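In my numbering, the protein residues as written are 1 to 188.
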Amino acid sequence: MIVSKPSHSIHSNTNQKKSQDTALSHHRPLPSVLTDLIAIKLCDLIPTRPLPTGCSRTAPELLYFILKVTSRARISCHIAVVALIYLDKCKKALPKNAIGDQDTIHRIFIASILVASKYLHGTCWGITADDHVWLNNARMADICSDLFTLEQVNQLELSFLKLIHFECFVNANQVQDYLVQNRQDLCL
């Protein structure tokens, strides 16, 4: 006996796929004032060692990297602002004499976005129609596959969490205070 699937399940799967495709096509990139502020905060975070003579840069240009990651990862403004708050925590936790390599701020950026995304998932700020594209370590490694492996992304996340002492909680008042403190940079 041959059993076939009811035709309504084929249509519902097709409609579900169309709905997902529509949701993906309606994602808006972060405002440039926000990506610019992220780049500024990252550049102010830690000085970097100069490249040795004769060596060429291997890390991508920072603003391009931020735009690529936030676009492909479908980062919302909420996630970006919480990541900025984490970057402030990170700056306070770094030793005063810390010096990074050319890709250190790229690594910190990846970790801050990943932790902010995970923290906000399931909160009132994280409820979205794009749950099927929620950011996780494997997806971040895929987005950054030309720079970082999954194992490196896992290590970046853990190192970042240790640096901020696993203090991920951010409430609405902290977000509001951050936005007020940075209102000129954000053109608010």
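The beta carbon of each residue, even a glycine, is placed where N, CA and C say it ideally should be. Since the model is a prediction, treat every value here as computed from it, not as a measurement.
Inset, instruction - List the DSSP bridge partners of THR48. - result: In the sequence shown, the residue the question calls residue 48 occupies position 48. Answer is GLY100, bridged to THR48.
Legend entry - Any 3 or more C-beta pairs closer than 8 angstroms across the segment 68–76 and the segment 90–103: no
Inset, instruction - Within the same chain, show all residues whose beta-carbon is closer than 7 angstroms to that of ASP36, passing over the 5 residues directly before and after it, in chain order. - result: Taking the first residue of the sequence shown as position 1, residue 36 is located at position 36. Once the five neighbours on either side are set aside, ASP36 has no close Cβ partner at all.
Legend entry - ILE113 beta carbon less than 8 angstroms from that of ALA73: Taking the sequence shown and counting its residues from 1, the one referred to as residue 73 is at position 73. Taking the sequence shown and counting its residues from 1, the one referred to as residue 113 is at position 113. Yes, they are a contact pair.
Inset, instruction - To the nearest angstrom, report how far apart ASP177 and THR104 are at their CA atoms. - result: Numbered from its first residue, the sequence shown carries residue 177 at position 177. Numbered from its first residue, the sequence shown carries residue 104 at position 104. Straight-line measurement puts the Cα of THR104 at about 27 angstroms from the Cα of ASP177.
Legend entry - Uninterrupted beta strand (DSSP E) stretches inside the segment 58–88 (no shorter than 3 residues): Qualifying beta strand (DSSP E) stretches: none in this window.
Inset, instruction - Take LEU179 as the anchor and find which of LEU62, ARG49, THR58, ASP88 has the nearest alpha-carbon. - result: Indexing the sequence shown from 1 puts residue 179 at position 179. Taking only the C-alpha atoms, the option nearest LEU179 is ASP88.
Inset, instruction - Quick one: measure Cβ to Cβ for ILE164 and LEU120, integer angstroms, because I've assumed they're closer than 8 angstroms. - result: Taking the sequence shown and counting its residues from 1, one reaches residue 164 at position 164. Taking the sequence shown and counting its residues from 1, one reaches residue 120 at position 120. Going by Cβ atoms, the distance from ILE164 to LEU120 rounds to 15 angstroms, so no, they are not a contact pair.
Legend entry - As assigned by DSSP and simplified to three states, the class of SER117: For the purposes of this step, residue 117 is taken as the residue at position 117 of the sequence shown. If DSSP states are grouped into helix, strand and coil, SER117 belongs with the helices.
Inset, instruction - With DSSP collapsed to three states, give me the class of GLN184. - result: Counting from one through the sequence shown, the residue named residue 184 turns up at place 184. Reduced to three states, the DSSP call for GLN184 is coil.
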